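Working notes, structure below.
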Amino acid sequence: MQKVLAIETSCDETGIAIVSLANGSYTVLADALNSQIDIHREFGGVFPMAAKREHGQNLLPLLQICLSAVGGQTFIPSQNQIETALTHLEREVELQKLMETELQKPDSFLCTKPDIDALVVTAGPGLEPALWVGISFAKALATLWNIPVLPINHMEGHIASIMAEAVNGPLFPAFALLISGGHTEVVLMKDWGSYSVIGKTRDDAVGEAYDKAARILGLGYPGGPEISKRATAFRKDYSAQELETMCRVHNITLPRPMIQSKDLDFSFSGLKTAVLYLVRDLKIKAELTEEQINLICYEFEEAVVEVLLAKLMFAKRTHNAKTLVVAGGVIANTYIREKLEQWCIDVDMQYHKPNTHLATDNAVMIGLAGLIHLDKKYAKLFASDEKGLSNITARGGWKIDDVY
Ligand code: KG4
Ligand code: ZN
Numbered sequence: 000m001q002k003v004l005a006i007e008t009s010c011d012e013t014g015i016a017i018v019s020l021a022n023g024s025y026t027v028l029a030d031a032l033n034s035q036i037d038i039h040r041e042f043g044g045v046f047p048m049a050a051k052r053e054h055g056q057n058l059l060p061l062l063q064i065c066l067s068a069v070g071g072q073t074f075i076p077s078q079n080q081i082e083t084a085l086t087h088l089e090r091e092v093e094l095q096k097l098m099e100t101e102l103q104k105p106d107s108f109l110c111t112k113p114d115i116d117a118l119v120v121t122a123g124p125g126l127e128p129a130l131w132v133g134i135s136f137a138k139a140l141a142t143l144w145n146i147p148v149l150p151i152n153h154m155e156g157h158i159a160s161i162m163a164e165a166v167n168g169p170l171f172p173a174f175a176l177l178i179s180g181g182h183t184e185v186v187l188m189k190d191w192g193s194y195s196v197i198g199k200t201r202d203d204a205v206g207e208a209y210d211k212a213a214r215i216l217g218l219g220y221p222g223g224p225e226i227s228k229r230a231t232a233f234r235k236d237y238s239a240q241e242l243e244t245m246c247r248v249h250n251i252t253l254p255r256p257m258i259q260s261k262d263l264d265f266s267f268s269g270l271k272t273a274v275l276y277l278v279r280d281l282k283i284k285a286e287l288t289e290e291q292i293n294l295i296c297y298e299f300e301e302a303v304v305e306v307l308l309a310k311l312m313f314a315k316r317t318h319n320a321k322t323l324v325v326a327g328g329v330i331a332n333t334y335i336r337e338k339l340e341q342w343c344i345d346v347d348m349q350y351h352k353p354n355t356h357l358a359t360d361n362a363v364m365i366g367l368a369g370l371i372h373l374d375k376k377y378a379k380l381f382a383s384d385e386k387g388l389s390n391i392t393a394r395g396g397w398k399i400d401d402v403y
């Protein structure tokens, strides 16, 4: 059996999880997550320095939750071990103080070492100040517990999130459709570790377009769930035909950017700008009504789905894949999940999606990716000594095809 403790701090969720792999099956032994959404809501988006501060405050309590779920071996760290561990937190002054205080307690929970093979931590892509908190924390724990660290790519983690459920039948070759706040990519996966990006957005990511469109419409952050809630409610109340008529009456139409282009490129910034102009034009007559806002949400989601499906169809025509793996925060969207599932049935492809609670950022997916690396012997483990750990850095723009 292999076991890892995973740390995720790339954006606005702080996550710690302990995950194991035995006889081909993955088990989540502990999972603690703290969302900062309420804090960032007032900024209308993720504010990196607030994210960094929050991660620093959240990590120790989340670790305590996870450790109390799995237990471990108590030990007495040497003074040198404590000092070196704290040195790794020099750039995280507040967390360093919290850890120092915790370590001074006679029965500190940090002095119970869990039975794990490695610490795995998100090293990118993401917000570098936020990534550094998790990385520095992993280094401090590695020194304290004398355990190696494995840096993980956040987007590979999103793909690995599907492994929390048993995957039947062959997975590869697969298309991974990654749709999140920072990414819109189609990745051709020949195996774990063999990734080529065959399509991506030229500008905004899908989630980013949702968030920006929501802001234009005066809806809350994050925009994805807000827009989706309104579109879903309208789809329940009216038939597709009725909704189309209502859109026509109100002059609400949005483009399907790059739907005809003979490539796998996306462009969602045009869709957001179209929402901006549409709202501006409608507001010339009067303030937007709730009905108009809901219709724009509906039309926006239709445009997103049509573009995603058209690009997947193009990918299927030009590349060979048996399965579709979908991942990233936007796949929490029930309508998009169902539309992609139906498409897979229509074109006879296997469909793998994460459980909804693992769609947005979490540490379980990072742990799963770590276990896949260990299992396939791809793991670039960094020793818990000073020399090994100094090689791990935050990589804000780390590309998925540069993982190995
Ligand atoms: O993967 P994620 O949690 O963070 C990044 O790595 O970016 O994705 C967050 C993104 C946000 O843009 C959010 O608006 C979007 O996922 N999102 C959704 C839904 N839930 C979250 N978009 C559409 N529909 C949803 N239900
Ligand atoms: Zn993410």
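So in numbering that gives the first Met the number 0, spot 383 of the sequence shown is number 382, and the numbers just go up one at a time.
Ideal Cβ placement from N, Cα and C applies to all residues, glycine included.
As the structure is a computational prediction, the values presented were derived from the model and not from experiment.
Tell me which residues share the same chain as residue i and place their Cβ nearer than 8 Å to its Cβ, disregarding the 5 neighbours each side in the sequence.
i, result
"D374", "Q1, L20"
"G43", "R214, Y220"
"F233", "L242, N293, L294, C296, Y297"
"K261", "F313"
"G396", "G123, P124"
"S383", "A141, T142, W144, N145, I146, P147, V148"
"L58", "I6, T8, T13, I15, L94, V132, G133, F136"
If you draw a straight line from the alpha carbon of residue i to that of residue j, how long is it in whole angstroms?
i, j, result
"H182", "T333", "19 Å"
"E91", "V205", "32 Å"
"E184", "Y403", "18 Å"
"V278", "M257", "22 Å"
"G168", "T142", "40 Å"
"F174", "T322", "6 Å"
"Q78", "A84", "10 Å"
"G123", "Q63", "25 Å"
"E99", "Q291", "55 Å"
"G269", "L307", "15 Å"
"G133", "H87", "11 Å"
"T13", "L281", "40 Å"
"D116", "D401", "24 Å"
"L263", "L177", "13 Å"
"K271", "E301", "13 Å"
"L109", "I371", "27 Å"
"V166", "K211", "35 Å"
"D190", "S67", "36 Å"
"K310", "K96", "50 Å"
"G217", "L380", "46 Å"
Short of 7 Å in beta carbon distance, which residues of its chain neighbour residue i, apart from the five on each side in sequence? Order them along the chain.
i, result
"L140", "L118"
"T200", "T183, F265, S266, F267"
"V248", "none"
Helix, strand or coil for residue i per DSSP?
i, result
"F136", "helix"
"K282", "helix"
"N79", "helix"
"N390", "coil"
"M98", "helix"
"L311", "helix"
"K12", "Strictly speaking, residue 12 in this sequence is Glu, with Lys absent from that position. Here E12 sits in strand by DSSP."
"Q259", "coil"
"M162", "helix"
"Q1", "strand"
"G404", "Residue 404 lies beyond the stretch modelled for the chain, which goes from 0 to 403, so this question has no answer here."
"F265", "strand"
"N293", "helix"
"N57", "helix"
If residue i sits next to residue j, beta carbons under 8 Å apart, how far is it from one beta carbon to the other, in whole angstroms?
i, j, result
"L16", "G366", "Reading off the sequence, residue 16 comes out as Ala, not Leu. Confirmed, Cβ separation roughly 5 Å."
"V329", "Y209", "7 Å"
"A393", "E127", "5 Å"
"V304", "K338", "5 Å"
"H318", "L187", "6 Å"
"V3", "G369", "5 Å"
Within the same chain, show all residues whose beta-carbon is closer than 6 Å to that of residue i, passing over the 5 residues directly before and after it, in chain order.
i, result
"D11", "Q35, H39, V45, A50"
"L275", "I215"
Next item on the list: Report yes or no: do the segment 238–254 and the segment 70–84 share at least 3 C-beta pairs separated by less than 8 Å?
Entry: No, the segment 238–254 does not touch the segment 70–84.
Check: Touch check for the segment 103–110 and the segment 343–354: three-plus C-beta pairs under 8 Å?
Finding: Touching, no.
Notebook entry, point to check: Would you say the segment 27–38 touches the segment 151–160, given that touching needs at least three Cβ pairs under 8 Å?
Noted result: Taking 8 Å as the limit for Cβ pairs, the verdict is that the segment 151–160 does not touch the segment 27–38.
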